[in-house]
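For reference, the structure discussed in these notes is given below.
2 protein chains.
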Amino acid sequence: MELLEQRIREDGHVVGTDILKVDNFLNHQLDTYLFEEMGKEFARLFKNKKVDKILTIEASGIAIASVVARSFNYCPVVFAKKTESLNLSSEIYSSEVYSFTKQKSYKIMVSKKFINENDNILIIDDFLANGKAAKGLIDLIYQAGATLAGIGIAVEKGFQDGGKMLRDKGIQLESLAIVEKMNEKDNTIVFRPRSMNE
Amino acid sequence: MELLEQRIREDGHVVGTDILKVDNFLNHQLDTYLFEEMGKEFARLFKNKKVDKILTIEASGIAIASVVARSFNYCPVVFAKKTESLNLSSEIYSSEVYSFTKQKSYKIMVSKKFINENDNILIIDDFLANGKAAKGLIDLIYQAGATLAGIGIAVEKGFQDGGKMLRDKGIQLESLAIVEKMNEKDNTIVFRPRSMNE
Chain E
7 MELLEQRIRE
17 DGHVVGTDIL
27 KVDNFLNHQL
37 DTYLFEEMGK
47 EFARLFKNKK
57 VDKILTIEAS
67 GIAIASVVAR
77 SFNYCPVVFA
87 KKTESLNLSS
97 EIYSSEVYSF
107 TKQKSYKIMV
117 SKKFINENDN
127 ILIIDDFLAN
137 GKAAKGLIDL
147 IYQAGATLAG
157 IGIAVEKGFQ
167 DGGKMLRDKG
177 IQLESLAIVE
187 KMNEKDNTIV
197 FRPRSMNE
Chain F
7 MELLEQRIRE
17 DGHVVGTDIL
27 KVDNFLNHQL
37 DTYLFEEMGK
47 EFARLFKNKK
57 VDKILTIEAS
67 GIAIASVVAR
77 SFNYCPVVFA
87 KKTESLNLSS
97 EIYSSEVYSF
107 TKQKSYKIMV
117 SKKFINENDN
127 ILIIDDFLAN
137 GKAAKGLIDL
147 IYQAGATLAG
157 IGIAVEKGFQ
167 DGGKMLRDKG
177 IQLESLAIVE
187 KMNEKDNTIV
197 FRPRSMNE
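Protein chains in written order, with the numbering used here: chain E, 7 to 204; chain F, 7 to 204.
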């Protein structure tokens, strides 16, 4: 998606070999106008699929998913939680996810009330790298007997293996920007040509 | 706000003396159409104020704030984080918040890049009870030398003291539904008459 790639070029900062900081529009400060445009693009890319629920994960996925829902007829958005709370009922599906940025494993949880076998679920998240979070969310969907419609990602790190792993399973994965290479020294970011994914 | 009160009456569950579960539309499963309507109402209530940034807090505040931004000309949304991350720069404002639902204190953090003395900030959150989270967010705003335009809350627990504490400081606090009394036995929820706040 040209608008997103352009924004990453302007505002993204490469840190080390692995981290692409996009915290001024995607995951700390949020540009919700951009998210609406992303929603329109996801709706176009997934127009072949039935989508009646969106599943995402705390915390930055929530912002994108909540705005994107507008382009899917305001379907319900459910977010998987990472922390126990008095507010979370005991009837949950749960899975384990390892986070490289936080350098630890954590549990993700979703109430059994909110995903079930009638749901056609689109997973939305801000980043895809090794695919651990996506795998955890897919696990929750399968536990519930729901249908995975596809996965919509803002920024995929194409040099990590999550995207290949998911596409090899036959899952419709649509990433609006795929970073092929990035270099901290001169802050260059090279995107995978979009025609290769359309 | 009639639409929100009606929804709470239909879908809210009183648990014990303190907890109002609204997890099927407000803070686990999300009704983003309702959030858009709430955004229009906040825009009406704060039309006397200059608002050029929205500040909220992980996790459930993010959903509402991201959708509400649409009614404030898609102004940037910034969310305070609760956990350290490699993605969070070392230049932060921080404050301490005690959570009764999670029964512990936690640190909230926001990058110094994203709030500054030129900002007119509207705080948006899902719940107001004792006002600890709001106080923490106000502290971040004052540390940055920014201006607090007001506070917009979805559900205020009027039987706790956060609302009074904030209004007594002269802060424009607008809660779209104020629960005056609630009773677990028959799940009755009594709202403060709206005319008293308009």
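For each residue, glycine too, the CB sits at the ideal point set by N, CA and C. Computed from a predicted model, the values in this text were never measured in an experiment.
For Gly168 (chain E), the enclosing alpha helix (DSSP H) covers residues Gly168 to Asp174. Assigned with DSSP and collapsed to three states, Gly18 (chain F) falls in coil, not helix or strand. For Val83 (chain F), the enclosing beta strand (DSSP E) starts and ends at Val83 to Ala86. When only Cα atoms are considered, Gln178 (chain E) and Phe165 (chain F) end up about 49 Å apart. Assignment of Phe106 (chain E) by DSSP, reduced to helix, strand and coil, places it in the coil class. Residue range Thr38 to Leu51 is occupied by the alpha helix (DSSP H) that includes Leu40 (chain E).
Here Met115 (chain E) is bridged, per DSSP, to E:Lys87 and E:Ser100. In the structure shown, the three-state DSSP call for Ala155 (chain E) is strand. Residue-level contact check: Arg76 (chain E) touches chain F, since one or more beta carbons of chain F fall below 9 Å from its beta carbon. For Ala69 (chain F), the uninterrupted alpha helix (DSSP H) segment begins and ends at Ser66 to Val74. Contact between the segment 51-64 of chain E and the segment 115-135 of chain E is established, with three or more Cβ pairs separated by less than 8 Å. Interface annotation, Lys55 (chain F): not in contact with chain E, CB-CB separation never under 9 Å. Beta-bridge annotation (DSSP): Val185 (chain F) is paired with F:Lys163 and F:Phe197. Within chain E, the C-beta atoms nearer than 9 Å to that of Ala65 (chain F) come from Glu64, Ala65, Ile68, Phe85, Lys87, Lys88 and Thr89, in chain order. Excluding residues up to 5 positions away in sequence, Phe31 and Leu40 lie with their Cβ nearer than 7 Å to the Cβ of Arg13 (chain E) in the same chain. Taking Leu146 (chain F) as reference, the option from F:Val161, F:Glu102, F:Lys170 and F:Asp174 with the minimal CA-CA separation is F:Glu102. Here Ile63 (chain F) is not near Phe78 (chain F), since their CB atoms are 9 Å or more apart. Within the segment 34-49 of chain E, contact with chain F at the beta-carbon level (separation under 8 Å) is assigned to His34, Gln35, Leu36, Asp37, Thr38, Tyr39, Phe41 and Glu42. Contact of Tyr80 (chain F) with chain E by beta-carbon distance below 7 Å involves Thr38 and Tyr39. Gln35 (chain E) sits away from Val20 (chain F), with the two beta carbons spaced by 9 Å or more. By the Cβ-count criterion, Gly22 (chain E) is exposed, with fewer than 16 other Cβ atoms from all chains shown falling within 10 Å of its own Cβ. In the DSSP assignment, Asp145 (chain F) is bridged to no other residue.
Among the CB atoms of chain E, one or more fall inside 9 Å of the CB of Ala71 (chain F). Secondary structure of Glu180 (chain E) (DSSP, three-state): strand. Across the segment 164-195 of chain E, no CB contact with chain F closer than 9 Å is found for any residue.
Two segments are said to touch when three or more pairs of C-beta atoms, one from each, lie closer than 8 Å; by this definition the segment 165-175 of chain E touches the segment 131-139 of chain E. Going by beta carbons, Glu180 (chain F) and Phe133 (chain F) fall outside the 9 Å limit. Per DSSP, reduced to three states, the secondary structure at Leu10 (chain E) is helical. For the options E:Phe48, E:Val57 and E:Lys87, the alpha carbon positioned closest to that of Ile70 (chain E) is the one of E:Phe48. In its chain, beyond the 5 residues on either side, Asn126 have a beta carbon closer than 6 Å to the beta carbon of Thr153 (chain E).
DSSP, reduced to helix, strand and coil, places Phe120 (chain E) outside both helices and strands of the structure shown, so it counts as coil. Lys56 (chain E) and Gly156 (chain E) have their C-alpha atoms roughly 10 Å apart.
In the DSSP assignment, Asn126 (chain F) falls within the beta strand (DSSP E) that extends over Asn126 to Leu134. Around the beta carbon of Thr38 (chain F), 16 or more other beta carbons sit within 10 angstroms, so the residue counts as buried.
In the three-state reduction of the DSSP assignment, Lys56 (chain F) falls in the coil class, being assigned neither a helical nor a strand state.
For Leu26 (chain E), the beta-bridge partners assigned by DSSP are E:Val20.
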